[in-house]
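> Plus 148 on top of the position in the sequence shown (first one is 1) and you've got my numbering. This structure is in structure tokens; I'll ask about it shortly.
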Amino acid sequence: MFADAVNILLNLSLPPYSVGIIINMLRVVEMTTDPI
149 MFADAVNILL
159 NLSLPPYSVG
169 IIINMLRVVE
179 MTTDPI
């Protein structure tokens with residue numbers, strides 16, 4: 149799933165800072181949704 153998100157970002161050709169922001173958001177989502 150994470151790889152798919154990266155591929156989508158590359159296809160959209162977003163600026164590096166936008167990609168970094170989205171990746172950080174995804175990491176936060178993974179941390180908050182990860183069962184403890």
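The beta carbon of each residue, even a glycine, is placed where N, CA and C say it ideally should be.
Could you please give the first and the last residue of the uninterrupted alpha helix (DSSP H) stretch that includes residue 164?
164–181
> How big is the Cα-Cα spacing for residue 164 and residue 154?
12 Å
> Any beta-carbon of chain C closer than 7 Å to the one on residue 171?
No chain C appears in this structure, which consists of one protein chain only.
> Measuring only the C-alpha atoms, how far is residue 113 from residue 167?
Residue numbering for the chain in the displayed model covers 149 to 184; residue 113 lies beyond these limits and cannot be assessed.
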